[in-house]
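This report concerns only the one structure given below.
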Amino acid sequence: DDLVARLIDMTPRYEIQEEIARGAMGRILAAWDLHLGRPVAMKVLRKSTLRDLDRVRFLEEAQVTGQLQHPSIVPVYELGRVHDQIAFVMRRIDGQSLKDIIAALRRGDPAVAKSFGRLRLLNLFHQLCLAVAFAHTRGVVHRDLKPSNVMVGDFGELALLDWGLCKIISDATRSTRSTSDRWRTVHGQIIGTPAYMAPEQAMGLIDQVDARTDVYGLGAVLYLLLTGERPII
Numbered sequence: 209d210d211l212v213a214r215l216i217d218m219t220p221r222y223e224i225q226e227e228i229a230r231g232a233m234g235r236i237l238a239a240w241d242l243h244l245g246r247p248v249a250m251k252v253l254r255k256s257t258l259r260d261l262d263r264v265r266f267l268e269e270a271q272v273t274g275q276l277q278h279p280s281i282v283p284v285y286e287l288g289r290v291h292d293q294i295a296f297v298m299r300r301i302d303g304q305s306l307k308d309i310i311a312a313l314r315r316g317d318p319a320v321a322k323s324f325g326r327l328r329l330l331n332l333f334h335q336l337c338l339a340v341a342f343a344h345t346r347g348v349v350h351r352d353l354k355p356s357n358v359m360v361g362d363f364g365e366l367a368l369l370d371w372g373l374c375k376i377i378s379d380a381t382r383s384t385r386s387t388s389d390r391w392r393t394v395h396g397q398i399i400g401t402p403a404y405m406a407p408e409q410a411m412g413l414i415d416q417v418d419a420r421t422d423v424y425g426l427g428a429v430l431y432l433l434l435t436g437e438r439p440i441i
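So that you can map any letter, position 118 of the sequence shown is 326 in my numbering, and since no number is skipped, the others follow by simple counting.
This is how it looks when you write it as structure tokens:
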């Protein structure tokens, strides 16, 4: 509550445009930075999300993403409030998700097949591995690695998105949630996407989740890239 009270009102700075996507906790909006004259993406906590834990997770996503400064992790520009909703502003990426690319390849789309051959897909996967490896050096486990959380830009850039389910495992990265025992994940709670979950995730063994959990997720993504099928249906 103290942090939320200190957040500045960003409403006058950004012109809100259309909704890009939405999830369980938040919505991604296209916006225009009126000060710098540039397009941005804004993630806004949904009004229907009233649980304190959801607010804490949302704030942690902004804080963690802002501390992970890597070319393949979307930079956070600002955390504040927009029309009395908690929001944070990120670089907008024009492109498509790895999920959409794989779906187009499965349909036999000739344009996508020409642009995304096996070698390019493996190069993209290598970029993804480097981003995850960097996060691990900063003591952060993503916990939700999947193609829909990987964006490929129009000029070849790759960005790993959505750190809302991350787990901080060292003091190299800190958040409001990680410094309070009150908001720690309860043992037995299952977090992640079933098709890409490591066994310890699927069983809710929170204390066993570490960097190896993300390595499993990377392996599941690689399996999909090579075969066109998820390892677990």
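Virtual Cβ for every residue (Gly too), placed ideally from N, Cα, C.
Which residues bound the alpha helix (DSSP H) around residue i?
{"i": "E437", "result": "E437 -> no alpha helix (DSSP H), and no H or E assigned at all."}
{"i": "L332", "result": "326-345"}
{"i": "G400", "result": "Premise fails: G400 is in no alpha helix (DSSP H) and is neither H nor E."}
{"i": "A270", "result": "260-275"}
{"i": "S323", "result": "318-323"}
What are the boundary residues of the beta strand (DSSP E) that residue i is part of?
{"i": "I228", "result": "222-230"}
{"i": "R246", "result": "246-253"}
{"i": "L366", "result": "366-368"}
{"i": "S305", "result": "303-305"}
{"i": "F296", "result": "293-299"}
{"i": "V284", "result": "284-290"}
{"i": "D210", "result": "Note, D210: premise wrong, no beta strand (DSSP E); alpha helix (DSSP H) at 210-214."}
Which word fits residue i, buried or exposed, when buried means at least 16 other C-beta atoms lie within 10 angstroms of its C-beta?
{"i": "S192", "result": "Outside the shown range of the chain, which is 209 to 441, sits residue 192, and nothing can be said about it."}
{"i": "S323", "result": "exposed"}
{"i": "V394", "result": "With a pLDDT of 49 at V394, under the threshold of 50, the modelled position of this residue cannot be trusted; read the value that follows with caution. Under this definition V394 is an exposed residue."}
{"i": "Q225", "result": "exposed"}
{"i": "G372", "result": "buried"}
{"i": "T345", "result": "exposed"}
On a CA-only basis, which of the options is nearest residue i? Give me that one, please.
{"i": "Q271", "options": "P318, I414, D370, T219", "result": "D370"}
{"i": "G245", "options": "R300, A213, E408, R230", "result": "R300"}
{"i": "L336", "options": "G347, E365, D302", "result": "E365"}
I'd like to confirm the pairing. Which residues does DSSP put opposite residue i in its beta bridges?
{"i": "I414", "result": "I414 pairs with nothing; no bridge assigned."}
{"i": "R235", "result": "R230, V252"}
{"i": "K354", "result": "Looking at the DSSP assignment, K354 forms no beta bridge with any residue, so it has no partner."}
{"i": "D241", "result": "Y222, R246"}
{"i": "I281", "result": "L368"}
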